[in-house]
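As structure tokens, the structure follows; a few thoughts come after it.
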Amino acid sequence: MTTSTGRHKRVAFVAPRYGRSVVGGSEAVMAEAARGLARRGHEVEVLTTCATNHYTWANEYEEGASEEDGLTVRRFRTSHTFSRLVSIELERRIAAGDQVSALEEVSWLNGRLRVPGLYLHLLAHASEFDAVICSPYLFWTTIYGAAVAPERTIVMPCLHDEHYAWLRLVRATLTEVAGVWFLSEPEHELGHRIAPRLSPRHGVLGAAVELPEAYDPAGFRSRYGLERPFVLYAGRREEGKGWFSLLRAFEAALLRHSLPFDLVTAGVGDPEIPDELTSRVIDLGYLEDGELPDAFAAADALLQPSANESFSRTIMESWLAGTPVVANGAGAVVNWHCERSGGGLTYLDELELGECLAFIAEAPKSAAALAERGREYVLANYTWDQVIDRLEAMLASFDWAGRP
Amino acid sequence: MRVMFVGTVPPVGGPSALAFAAEAARVGAEGHQIQVVSADMRAVSHQHARLQGFHLPIRLAAASRHFDRLVLRFEPNLPFRPDTQRFERALLGGLLSWAVRGFGEVSVWMDSPMPIPAGLGGRTMAGLWAKADQIVVANEEDRLRMLEVPGVGPERVMIAERREPLGERSVGEGWPSAGDGVADPRAEILDLVRQRARNARRQRLARQATRRGRPIPPEPEEDLQHLLMVEGDPTLERRTLPRLVLHRLLRPFGVLVRGSRANSPFGRLVNRGRRMLRI
Numbered sequence: 548m549t550t551s552t553g554r555h556k557r558v559a560f561v562a563p564r565y566g567r568s569v570v571g572g573s574e575a576v577m578a579e580a581a582r583g584l585a586r587r588g589h590e591v592e593v594l595t596t597c598a599t600n601h602y603t604w605a606n607e608y609e610e611g612a613s614e615e616d617g618l619t620v621r622r623f624r625t626s627h628t629f630s631r632l633v634s635i636e637l638e639r640r641i642a643a644g645d646q647v648s649a650l651e652e653v654s655w656l657n658g659r660l661r662v663p664g665l666y667l668h669l670l671a672h673a674s675e676f677d678a679v680i681c682s683p684y685l686f687w688t689t690i691y692g693a694a695v696a697p698e699r700t701i702v703m704p705c706l707h708d709e710h711y712a713w714l715r716l717v718r719a720t721l722t723e724v725a726g727v728w729f730l731s732e733p734e735h736e737l738g739h740r741i742a743p744r745l746s747p748r749h750g751v752l753g754a755a756v757e758l759p760e761a762y763d764p765a766g767f768r769s770r771y772g773l774e775r776p777f778v779l780y781a782g783r784r785e786e787g788k789g790w791f792s793l794l795r796a797f798e799a800a801l802l803r804h805s806l807p808f809d810l811v812t813a814g815v816g817d818p819e820i821p822d823e824l825t826s827r828v829i830d831l832g833y834l835e836d837g838e839l840p841d842a843f844a845a846a847d848a849l850l851q852p853s854a855n856e857s858f859s860r861t862i863m864e865s866w867l868a869g870t871p872v873v874a875n876g877a878g879a880v881v882n883w884h885c886e887r888s889g890g891g892l893t894y895l896d897e898l899e900l901g902e903c904l905a906f907i908a909e910a911p912k913s914a915a916a917l918a919e920r921g922r923e924y925v926l927a928n929y930t931w932d933q934v935i936d937r938l939e940a941m942l943a944s945f946d947w948a949g950r951p
Numbered sequence: 002m003r004v005m006f007v008g009t010v011p012p013v014g015g016p017s018a019l020a021f022a023a024e025a026a027r028v029g030a031e032g033h034q035i036q037v038v039s040a041d042m043r044a045v046s047h048q049h050a051r052l053q054g055f056h057l058p059i060r061l062a063a064a065s066r067h068f069d070r071l072v073l074r075f076e077p078n079l080p081f082r083p084d085t086q087r088f089e090r091a092l093l094g095g096l097l098s099w100a101v102r103g104f105g106e107v108s109v110w111m112d113s114p115m116p117i118p119a120g121l122g123g124r125t126m127a128g129l130w131a132k133a134d135q136i137v138v139a140n141e142e143d144r145l146r147m148l149e150v151p152g153v154g155p156e157r158v159m160i161a162e163r164r165e166p167l168g169e170r171s172v173g174e175g176w177p178s179a180g181d182g183v184a185d186p187r188a189e190i191l192d193l194v195r196q197r198a199r200n201a202r203r204q205r206l207a208r209q210a211t212r213r214g215r216p217i218p219p220e221p222e223e224d225l226q227h228l229l230m231v232e233g234d235p236t237l238e239r240r241t242l243p244r245l246v247l248h249r250l251l252r253p254f255g256v257l258v259r260g261s262r263a264n265s266p267f268g269r270l271v272n273r274g275r276r277m278l279r280i
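Line by line, the protein sequences give chains W and Y. Going by this note's numbering, the residue at position 337 of the first sequence is 884; the numbering climbs one at a time, nothing skipped. Going by this note's numbering, the residue at position 57 of the second sequence is 58; the numbering climbs one at a time, nothing skipped.
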């Protein structure tokens, strides 16, 4: 079988988590890219763990191979035998930006989780693949997976400018692998800063979101009993994603402006809503994939409080649904998207968030016009056809003579 | 009956303001004489007045002789600003309790989340809750919270009837349009967002400084807004200077200008900043 860029390839996607119930941007991009390549006739396998929870890494799926969405998925059990006390101390030091030795970096990485079965499988079978695609950068599966056959490994790092990204392990991985797949131009620039001798075969391949056939905002409101206007936060409810800062800023905005909006949140993690906000913040918990597009369409705006984004799928999905975006301006990537598209508002503190929400409340037609610019931007740049074209071009540039 | 409504009404204020205005219209339609007083200049009210902080109890106390019933809406900045300190809240709560005693009937409408102070502030507002014949809240969660306030029984607490928004609520809001033909509406909207946030920040800083008896500090982002133009000296021409540095330069500059025997000035200082330069 041939494709637009030559013969079909055999590709392995290595991800720390895979499955319908997994919430995470890089995991979603990996899953959709894998399915996209398979649809074009490439032979695709997913190598992943049995875990779905990225805090506990408990083995929830059965180990072994299965067919999911037309792909072969091989799951391997996670192990944790390292002293958690040592690991937590190293985590604290790294997160604080302290200098740690190379050995300590390895200790830290090994202390979170290990997937020996996956590593051994790759050792035995990596040469059977044209490419091994690993993501995201911070996980054992990527650092160790890429080390097995760096000459045929592409890393989609999903970099954020945080202390972890500046570890030697990360720099070495980005330097030694065959290719690096960046999701945005700011991430690309960060990659050059982190790894001055970045693998020469790298590029901004981007990511994409699926275009739903239809939206049902009224049905969504009815199913979840949402009678009042709302703004939406969709994602993991954790400090790293800016959730708790958003709660504080939203409360401040409510005290300053007569806002009609509730804040509706969907995702994993305990939202820890303070008592005084229970009347205005509604937790829907985890939503099935099919529900999210309707949630975006039903919202008056999407709030994106995370400064640590390498692509930000939710703002793309929101724009696609015709919903305005209000994002944390401290994040280089969302700033870049908002500026390039001319379709998103950014805030730098709670006062600016309040004003942005006042704009959404008081000028909904203008807000919708901004969202329309965002939608045009997504359709022009981030459809899966475009991304898979770029990925195929990168794969075509790899031609290993040693392939059996 | 003469009824005084105190609170923001449309076109600003969101659905709560709509419900509040609908209540005023309903009472008016029953043949009562109503007067709506709002702090927001954009509100379509009978009167606009300063109502923030201690202005509110003073106004209420004065009005209680002329009105039989008071309908008071607790909303953002009325009566509590987000940065109102605990002691000020307590004092204000006590004054409000005192000020409403002259009215025959009192209804209190609470926006959500409800600004009910805890501790001392909560205790000083006991008089207001005791006086209120009716407490209208936004939703069931707030109704339950209200019932936790000592002395407030379920017969007096009700949920406001929900009002649908009026669609595009652009009247008087002043937001730039983002429709067809506007080159970069995002930049214009963000300019206004930043400007409004800056104003709010400045007011907050001023209040904090006043409370502490200190001068109002300059805002960092405004510190590079003044352009110095000194004709004839290319090294100084068109340089932007921090405001504080410019202030220090003014006196020697004035001495030089006054000491010059030339008929025409040798230099000009041009203020291009957003704020007035006090000379």
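Virtual Cβ for every residue (Gly too), placed ideally from N, Cα, C.
Secondary structure of residue 196/Y (DSSP, three-state): helix. DSSP places residue 884/W in the helix class (H, G or I) of the three-state scheme.
Contact between residue 21/Y and residue 10/Y holds: their C-beta atoms lie close to 6 Å from each other, under 8 Å. In this structure, the straight-line span from the alpha carbon of residue 667/W to that of residue 937/W is close to 30 Å. At a cut-off of 7 Å between C-beta atoms, residue 14/Y counts as an interface residue with respect to chain W. The C-beta separation of residue 920/W from residue 878/W comes to about 19 Å, leaving the pair out of contact by the 8 Å criterion. For residue 903/W, the enclosing alpha helix (DSSP H) stretches over residues 897-909.
Rounded to whole angstroms, the gap between the alpha carbons of residue 584/W and residue 144/Y is 54 Å. Residue-level contact check: residue 216/Y does not touch chain W, since none of the beta carbons of chain W fall below 7 Å from its beta carbon. Take the alpha-carbon of residue 616/W and the one of residue 684/W: they are about 25 Å apart. Here the alpha carbons of residue 761/W and residue 600/W stand approximately 31 Å from one another.
Interface flag for residue 672/W against chain Y is unset, since no Cβ pair is found closer than 7 Å. One thing to note: residue 652/W has its Cβ within 7 Å of the Cβ of residue 715/W. The beta carbon of residue 910/W falls within 7 Å of a beta carbon belonging to chain Y, placing the residue at that interface.
Judged by DSSP in its simplified three-state form, residue 817/W adopts coil rather than helix or strand.
Residue 784/W carries a coil assignment under DSSP once its states are collapsed to helix, strand and coil. For residue 112/Y, the closest alpha carbon among the candidates 817/W, 807/W, 943/W, 836/W is that of 807/W. Annotated three-state conformation of residue 791/W is helix, per DSSP. A distance below 7 Å separates the beta carbons of residue 687/W and residue 660/W. Residue 847/W is positioned such that its CB atom lies no closer than 7 Å to that of residue 763/W. The three-state reading of DSSP puts residue 875/W in strand, counting E and B together.
Spanning the alpha carbons of residue 887/W and residue 575/W requires a straight line of approximately 24 Å.
Using a Cβ distance threshold of 7 Å, residue 874/W and residue 880/W do not count as a contacting pair. Per DSSP, reduced to three states, the secondary structure at residue 565/W is coil, with no helix or strand assignment. Assignment of residue 856/W by DSSP, reduced to helix, strand and coil, places it in the coil class.
By the Cβ-count criterion, residue 577/W is buried, with 16 or more other Cβ atoms from all chains shown falling within 10 Å of its own Cβ. Spanning the alpha carbons of residue 133/Y and residue 895/W requires a straight line of approximately 41 Å. At a cut-off of 7 Å between beta carbons, residue 747/W makes no contact with chain Y. Residues of chain Y with a Cβ closer than 9 Å to the Cβ of residue 824/W are, in chain order, 114. Counting C-beta pairs with one atom in each stretch, the stretch 200-214 of chain Y and the stretch 904-920 of chain W have fewer than three that are closer than 8 Å, which means they do not touch. Among the CB atoms of chain W, one or more fall inside 7 Å of the CB of residue 180/Y.
Taking 7 Å as the upper bound on Cβ-Cβ separation, chain W lies near residues 185, 186, 187, 190, 191, 194, 195, 197, 198, 201, 202 of the stretch 182-202 of chain Y. For residue 640/W, the CB contacts under 7 Å within the same chain, skipping 5 residues up- and downstream, are 647 in chain order.
Per the DSSP secondary-structure output, residue 828/W pairs in a beta bridge with 810/W.
When only Cα atoms are considered, residue 754/W and residue 930/W end up about 8 Å apart. Contact between residue 128/Y and residue 99/Y holds: CB atoms are separated by about 7 Å, below the 8 Å threshold.
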